[in-house]
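Asks: Mind having a look at this structure? Questions to follow.
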Amino acid sequence: MQWGTVRMLGTFLSAPADVPPGVATFVAEQLGIDDASCLKLYPERLPTQHEHAREIRKLLRIRDFDDGDLQLRQHIAGRVWVSNDGPRALFDRAVTWLLRNRVLLPGLTPLGYQVAEVRKGEQRPLTARIAHAPTPM
Numbered sequence: 003m004q005w006g007t008v009r010m011l012g013t014f015l016s017a018p019a020d021v022p023p024g025v026a027t028f029v030a031e032q033l034g035i036d037d038a039s040c041l042k043l044y045p046e047r048l049p050t051q052h053e054h055a056r057e058i059r060k061l062l063r064i065r066d067f068d069d070g071d072l073q074l075r076q077h078i079a080g081r082v083w084v085s086n087d088g089p090r091a092l093f094d095r096a097v098t099w100l101l102r103n104r105v106l107l108p109g110l111t112p113l114g115y116q117v118a119e120v121r122k123g124e125q126r127p128l129t130a131r132i133a134h135a136p137t138p139m
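What follows is the structure, given as structure tokens:
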């Protein structure tokens, strides 16, 4: 279950067994498990979840968010300078960048704050530069 969520959603679910029944059935079929309800037992042993998460990170070469934070900030800053993207578009681009670069997504709220912070920080010098640009004759 965790393999699929990290590949499709970019994050590990806090409750990996809480997925729609259709998803659980599909995964159970893929694993050759007759009764998908046994997936509800998965959370009973937390160390197993952590072990699986470590293995998945290693196999898929996925980095923690802290490892990709600076690169993401640079990507967002670059978009602010070359586009007229608003906060929503920058957020969507940040999510796409994280998935493409195999970086685990943080929570949506922290990512939203980071995008807003970088955008605001880059708009100050951008606005100042535009304000001091020579006027055409």
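Remember, the working numbering sits 2 above the position in the sequence shown when you count from 1. Ideal Cβ placement from N, Cα and C applies to all residues, glycine included. The structure displayed is predicted, hence computed values, not measured ones.
1. What's the call for residue 100, buried or exposed, on a 16-neighbour Cβ count within 10 Å?
2. Just checking my contact of residue 124 with residue 79 at CB under 8 Å: how many whole Å lie between their CB atoms?
3. Buried or exposed, going by whether 16 or more other CB atoms sit within 10 Å of the CB of residue 34?
4. Residue 107 and residue 120 - do their beta-carbons sit closer together than 8 Å?
5. Would you check if there are 3 or more beta carbon pairs closer than 8 Å linking the stretch 21 to 29 to the stretch 45 to 63?
6. Quick check: the stretch 4 to 12 against the stretch 54 to 67, are at least 3 beta-carbon pairs closer than 8 Å?
7. I'd like the list of long-range same chain contacts for residue 47, defined as Cβ closer than 7 Å, with 5 residues on each side in sequence excluded.
8. What do you get for residue 81, buried or exposed, if any count of 16 or more other CB atoms within 10 angstroms of its CB means buried?
Replies: So, to answer that:
1. Per the 10 Å Cβ criterion, buried.
2. With a beta-carbon spacing of about 5 Å, residue 124 and residue 79 fall inside the 8 Å limit used to define contacts.
3. By the 10 Å Cβ count, residue 34 comes out exposed.
4. The Cβ atoms of residue 120 and residue 107 lie no closer than 8 Å to each other.
5. Because the criterion of three Cβ pairs below 8 Å is not met, the stretch 21 to 29 and the stretch 45 to 63 do not touch.
6. Contact between the stretch 54 to 67 and the stretch 4 to 12 is present, with at least three C-beta pairs closer than 8 Å.
7. Excluding residues within five positions, none has a Cβ falling inside 7 Å.
8. With 16 or more other Cβ atoms within 10 Å, it is buried.
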